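A short write-up of the structure that comes next.
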Amino acid sequence: MESDLNRFRKIVRGKVKGELRKFISNGDLIGRQGKKTVTIPLPRIDIPRFQFGSSQQGGTGQGEGEVGDQVGEGQPQPGEGEAGEQEGQHTLEVDVSLEELAEILGEELQLPNIENKGKKNVEDKDHKYTGILKQGPESLRHFKRTYKEALKRSISSGTYDPSNPIIIPIKEDKRYRSHKELDRPVANAVIIYMMDVSGSMGDEQKEIVRLTSFWLDTWLTTQYKGLERKYIIHDATAREVDQDTFYKTKESGGTLISSAYKLALKMIEDNYNPNEWNIYLFHFSDGDNWSGNDTAECMKLLDSSLLAEANMFAYGQVESRYGSGQFLRDLQKHFGENPTKITLAQIKDRDAIIEAIKTFLGKGK
Amino acid sequence: MSNFNTDLTPELADIAANLLEESNKVGLDCFPTVFEMVDYKQMNEIAAYGGFPTRYPHWRWGMDYERLSKSYEYGLSLIYEMVINNNPCYAYLLRANSMVHQKTVIAHVYGHCDFFKNNFWFSKTNRKMLNQMANHATHIRDIINEVGHTEVEDFIDVCLSIDNLIDISSPFKTQPSITDVDDSESYKRAPLPKIHSKKYMDSYINPDDFMRFQQKKKDEKIAQTQNFPPEPERDVLKFLMENSPIPGWQRRVLQIIRDEAYYFAPQGQTKILNEGWATYWHSKMMTEIAPLHASEIVDYCEAYSGIVASSNGSLNPYKMGLELLRHVEKRWNRGQFGLEYIDCDDPVKRANWNTEAGLGREKIFEVRKFHNDITFLDEFLDEDFCHQSKMFLYDFDKRTNKYVISSRNFKEIKAKLLQQLTNFGQPIIKIVDANFKNRNELLLQHSHDGMDLENETTMETLKNIHKIWQRPVHIETTFEEENRRVSFDGSSHQVEKI
C-alpha cells in the first residue's frame, strides 16, 4: 500500500505543479494553511468512463414529504449500486506539506537554492552513529562486527570447523551501534516585510502583497531552519505590527518611505546582528512618496547601511489607480536599470505575482 | 500484510462456531469462513484493495486508502464488515469493535457467505479469487519489470477506463457455433429460397413481393457476414483484447482487468438482495435464533438503526433489501400470491388475506437462489410495498436549483428504479462496427434509454479506447434529444449530427 500511496501522491504533486500558477494568483490556499500542511482542493482525479450525465437526472428515494417538497440537504444520492457511489465527491482535498509545496514552487520556477552567509549562530542537535558498544538494543545490532567477534571466539576456542562453518554468536560477541550527539550549525534568517498602507493602497493591492509574501515565506522557510518574520507598516510614520494587522490596516494620509527604512534599520541594529543573521528586506508600495527629499533620504539609508547589512533588499511595486509609481523609477535611476544590489519588481496584477517571486528569489541570495 | 496475530480470540471463535451451527440449522449453507482480526489501518488497506490483501500496484488504491483513512480520522465512517467471495470465504473483523458488533458482523458475514455460495449469479465467479488476485499482482509486477512502471500504470488507467463495458450475461453464454453462415460464397450463389409449388402455381405461391422480401433477407444476411463483429458486441474488453494491434503485455494487462471486472460484476448486480439477505439473517440471529443478552440489546439497536437508516431520503440498499425480503416472506406466509390474490381488487380483503400457507421461509430461500436486484425488484416490488416504505421519485428543479419530490406514483417509481439498476447502473454500449467507413475505424453505439452520457468523460474515454484500437474511434449516442456521433481521431474530437 505504501508504494501505491506514493504513486498517488506523485500524481497529486504533478497536478499541483500543473495548477501552481492558478494557485499562486488566487488566495484559496492561504485560507487552508495549517501548521505544517496546506489543504489543496484539486479536481477529482478519476479514471474517465462512459457514464451517465450529471446527477440532475433525479432518482428514487424513501421518506416523508409531499410532491414538490425539497429532498434532503444538498445532493441526495441515488442509493443503487455504482450510481450512488460515484456522486457527491467532485473535488479531492489533499494535504501537501509546506516543504513539499516549496519544493514544487522551486521546481516550477527553477529557483536556485540560497547560498547563506555561512554563519554559525544557533546550533541544532543531530545524531550520528559513530561508535560501537557491547550493549544496546537488538535493532541496532551490528551484524558484521558481531559475526567477526563470534568467528574470532570460535577459532580461538577451537570449535570452528571449516567444513561446517556454522557460527553461533553468544551474548559476549554481540556489538551494537552507538550514536553521538553532534552540534550542527544552523543558518538563521529574518524577513522584514514593509508595506505602505497609505490611502492609495487598496484591498486588492494588499491582497497581492499578501499572496506574494505567502510564497516568499513558503520558499524561505525551507531554506532556513529558524525563520523569523517581522512586519512594518508605514504611512508618514512607521510602526511594527503583527501579521494580522499588517494585512488589514488601512490608513489614510501621506507617505514617508524613509520612516519604514529607519525602523527596519533600528530593528536590525537592536536584534539582528548582520554577522549572525541572514536578513531579507521586502518592501511593497504603490510607488508614491511624499517628497523628493524623502526619496533622497531613502537612497542614503539604503546606500549607507541597509544594503550592506541585508542579504537582499527587494522592492515590489504594486500598481494602484492612485499611485504614481515614481519610487520605482527613482530606484532605477539611482541604482541603474539592472541593479545588482537591490531587486526590483513591478506587480501589475495577480498574474504578475509569479514573475515577481521569480525575480525576488531567482538570485539565490 | 501484517505481522500481527489475526486469529479470533477464543471467545469470538466460540461465538463464531456457535453462530455457524445455528445458521446451518435454519438452512444457510456457507463456504468455510475464515475470520481475521485487523486494526483500522489494515481494514482501510484491505478495503482500498477491494477486500483483498494484495492487488497489482496502482495509484488508485493509494487514493482510496487516503480517502478512507481521512474519513476514519474525521469520524465520518467506519467499515463494519468486509467479506470476500472466495472458497474459503475470508471476512475481516475490526479489532476495536465491541462484542455486540462482532457478533452482529459475524452473523451478517454468514449471510453473505451463504449468498455467495448459493446465488445463481455468483455461480460462475472464480472461487479461488484470493489466489488469482495475488497471481495478477505478480504477473503485473513482472510486466512492470519488463517494460517499466509508468508505461504499465498508464496502460492500466486506459483499461480501467473501459472496465464497465462488459457483458454481464457472457459467463452464462455458450460459444455460438461458427459454422452458421460460414460458407458465404456458396450461400451467395444459391438460388433464392422458394416455397415448393407446381410450375403454373409459382407466380401465385411465390409472388414478386415475397421474392423481393426473400432477396432482401438474403442481402442482409450476406451484409451481416461481411460485418465485423457479425453481431453487436457488448464485451468491449474482450473484443479489443482479441482484435487490437497491441503488444502482448498490453493484451495480458487487458485480460487481467477483464477477469477482475467479471469477478466483481455479480456484486454490483445483487447489492440490494445480497445486503438485504445478510441483514435479514443477522437481525434474525441476534433477536430470535441466538438472541443477545438483555444488556447488549441497546448497543445492537443503535448499530442496527445505523445500518438501515435512510439518510437524506436516499435509498439504502440494506434497508430496501431487508424490507422487501420481509415483505415477500409475509406475503408467502399468508398465501398472498397466485391468480386469485392478484385479481382481487378489494383492498380490505387483500390486506386481511391469510390462508396460513406458511411458505415464507421457503420462498425467500428461493429468491436468494435465483434472483438478482433487477429480477428481485421487478417481481416483488408491488404497490403495497411501495406505499408502505414511502418511496418517491425526485427530480432536479431548475428554477430553485434544488431536488424536489416529483412523484409518488408506483409505476413511475418502479420504472425509474429498474432503469437505474439496468446493467448495474452503467450505460449499455456495444461495438457495432470495427471496420467503420471501411477504414478499420471503431464504431460504438450507446443504447440510449432516457439518460444522456456525460460529455467530458465520454471524450476522455474515447481517447483511451483510441490508445488501444489505434485507429479513429466513434460513439453514437443521443445528447439532449439530438442523435450525434462523437469521434476521436488521435488528435482531436469531432461531434456530428446524425
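These protein sequences, in sequence, are chains R and G. So for the first sequence, my numbering puts the first residue at 16; every next one is plus one. So for the second sequence, my numbering puts the first residue at 536; every next one is plus one. Every residue gets a Cβ at the ideal spot worked out from N, C-alpha and C, and that includes glycine. On a predicted model such as this, the values are computed, not experimentally measured, just so you know.
Which chain G residues are close to residue i, counting only those with a beta carbon under 9 Å from its beta carbon?
| i | result |
| --- | --- |
| residue 26 of chain R | 594, 597, 598 |
Quick one: what does DSSP say residue i is sitting in, helix, strand or coil?
| i | result |
| --- | --- |
| residue 986 of chain G | coil |
| residue 91 of chain R | Confidence at residue 91 of chain R is low in this model, with a pLDDT of 39, below 50, so its placement is unreliable and the value that follows should be read with caution. Coil. |
| residue 1024 of chain G | coil |
| residue 565 of chain G | coil |
| residue 31 of chain R | helix |
| residue 61 of chain R | coil |
| residue 871 of chain G | coil |
| residue 778 of chain G | helix |
| residue 1032 of chain G | strand |
| residue 587 of chain G | coil |
| residue 957 of chain G | helix |
| residue 1014 of chain G | strand |
| residue 879 of chain G | coil |
| residue 358 of chain R | strand |
| residue 892 of chain G | coil |
| residue 195 of chain R | strand |
| residue 325 of chain R | coil |
| residue 51 of chain R | coil |
| residue 1009 of chain G | strand |
| residue 148 of chain R | strand |
| residue 66 of chain R | coil |
| residue 278 of chain R | helix |
| residue 906 of chain G | coil |
Quick check on the burial criterion: 16 or more other C-beta atoms within 10 angstroms. Buried or exposed for residue i?
| i | result |
| --- | --- |
| residue 885 of chain G | exposed |
| residue 839 of chain G | buried |
| residue 1030 of chain G | exposed |
| residue 1032 of chain G | exposed |
| residue 567 of chain G | exposed |
| residue 25 of chain R | exposed |
| residue 903 of chain G | buried |
| residue 714 of chain G | In this prediction, residue 714 of chain G scores a pLDDT of 48, lower than 50, which makes its location untrustworthy; the coordinate-derived value is nonetheless stated afterwards. Residue 714 of chain G comes out exposed. |
| residue 212 of chain R | buried |
| residue 668 of chain G | buried |
| residue 586 of chain G | buried |
Name the chain R residues that come within less than 7 Å of residue i, Cβ to Cβ?
| i | result |
| --- | --- |
| residue 925 of chain G | 77, 78, 79 |
| residue 740 of chain G | Neighbours of residue 740 of chain G on chain R: none; closest Cβ ~50 Å, over 7 Å. |
| residue 952 of chain G | 75 |
Rounded to the nearest angstrom, how far is the Cβ of residue i from that of residue j, given a contact under 8 Å?
| i | j | result |
| --- | --- | --- |
| residue 57 of chain R | residue 107 of chain R | 5 Å |
| residue 298 of chain R | residue 216 of chain R | With a Cβ gap of about 13 Å, residue 298 of chain R and residue 216 of chain R do not count as contacting. |
| residue 387 of chain R | residue 316 of chain R | Here chain R comprises residues numbered 16 to 380, so residue 387 of chain R is not present and cannot be evaluated. |
| residue 341 of chain R | residue 302 of chain R | 6 Å |
| residue 926 of chain G | residue 948 of chain G | 5 Å |
For a contact meaning CB atoms closer than 8 Å, what does residue i contact in chain R?
| i | result |
| --- | --- |
| residue 943 of chain G | 82 |
| residue 703 of chain G | Correct list: empty, because the minimum Cβ distance to chain R is about 12 Å. |
| residue 962 of chain G | 65, 66, 67 |
| residue 999 of chain G | 63 |
Would residue i count as contacting chain A if we go by Cβ distances under 7 Å?
| i | result |
| --- | --- |
| residue 347 of chain R | Looking for chain A here will not work: the only protein chains present are R and G. |
Whose Cβ in chain G lies nearer than 7 Å to the Cβ of residue i?
| i | result |
| --- | --- |
| residue 20 of chain R | 597, 600, 601 |
| residue 58 of chain R | Going along chain G, no residue has its Cβ under 7 Å from residue 58 of chain R, so there is no contact; the nearest lies around 11 Å. |
| residue 314 of chain R | Near residue 314 of chain R there are no residues of chain G at all, since even the closest Cβ is about 54 Å away, more than 7 Å. |
| residue 375 of chain R | Under the 7 Å cutoff, chain G gives no residues; its nearest Cβ is about 34 Å from residue 375 of chain R. |
Show which residues of chain G have a CB atom less than 8 Å away from the CB atom of residue i.
| i | result |
| --- | --- |
| residue 62 of chain R | 595, 692, 695, 696 |
| residue 16 of chain R | 580, 583, 584, 596, 597, 600 |
| residue 38 of chain R | In chain order: nothing, as chain G lies at least about 20 Å away. |
At least three beta-carbon pairs within less than 8 Å, the stretch 822-834 of chain G to the stretch 849-868 of chain G: Not touching, per the Cβ criterion.
Stretch-stretch touch, CB-based, cutoff 8 Å, three pairs: the stretch 181-193 of chain R with the stretch 148-161 of chain R: Using a Cβ-Cβ distance cut-off of 8 Å, the stretch 181-193 of chain R and the stretch 148-161 of chain R are in contact, since at least three pairs of beta carbons, one from each stretch, lie closer than that value.
Touch test, the stretch 595-605 of chain G against the stretch 18-29 of chain R, Cβ-Cβ under 8 Å, three pairs minimum: Inter-segment contact for the stretch 595-605 of chain G and the stretch 18-29 of chain R is present: three or more beta-carbon pairs are separated by less than 8 Å.
Inter-stretch contact at 8 Å, needing at least 3 Cβ pairs: the stretch 72-81 of chain R / the stretch 536-555 of chain G: Flag = no, the stretch 72-81 of chain R and the stretch 536-555 of chain G do not touch.
Segment contact, 8 Å Cβ cut-off, at least three pairs: the stretch 866-877 of chain G with the stretch 891-900 of chain G: Three or more Cβ pairs closer than 8 Å define a contact, and the stretch 866-877 of chain G meets that threshold against the stretch 891-900 of chain G.
Touching by the beta-carbon criterion (3+ pairs, under 8 Å), the stretch 679-689 of chain G and the stretch 644-664 of chain G: No: fewer than three Cβ pairs fall under 8 Å.
contact_flag[the stretch 606-626 of chain G, the stretch 635-645 of chain G] where n(CB pairs < 8 Å) is 3 or more: Short answer: they touch.
Given 8 Å, three or more beta-carbon pairs between the stretch 800-820 of chain G and the stretch 665-682 of chain G: Flag = no, the stretch 800-820 of chain G and the stretch 665-682 of chain G do not touch.
Segment contact flag, the stretch 781-790 of chain G with the stretch 986-996 of chain G, C-beta cutoff 8 Å, min 3 pairs: Between the stretch 781-790 of chain G and the stretch 986-996 of chain G there are fewer than three C-beta pairs closer than 8 Å, too few to call the two in contact.
Stretch pair the stretch 233-240 of chain R + the stretch 201-214 of chain R: three plus CB contacts closer than 8 Å: The answer is yes - the stretch 201-214 of chain R touches the stretch 233-240 of chain R, with three or more Cβ pairs under 8 Å.
Cβ pair count under 8 Å reaching 3, the stretch 240-253 of chain R against the stretch 275-282 of chain R: Here the stretch 240-253 of chain R makes contact with the stretch 275-282 of chain R; the two share three or more CB pairs at distances below 8 Å.
Stretch-stretch touch, CB-based, cutoff 8 Å, three pairs: the stretch 74-83 of chain R with the stretch 973-989 of chain G: Segment contact: the stretch 74-83 of chain R against the stretch 973-989 of chain G, fewer than three CB-CB distances shorter than 8 Å; contact not assigned.
Touching by the beta-carbon criterion (3+ pairs, under 8 Å), the stretch 572-580 of chain G and the stretch 795-803 of chain G: In short, these stretches do not touch, since the Cβ pair count stays below three.
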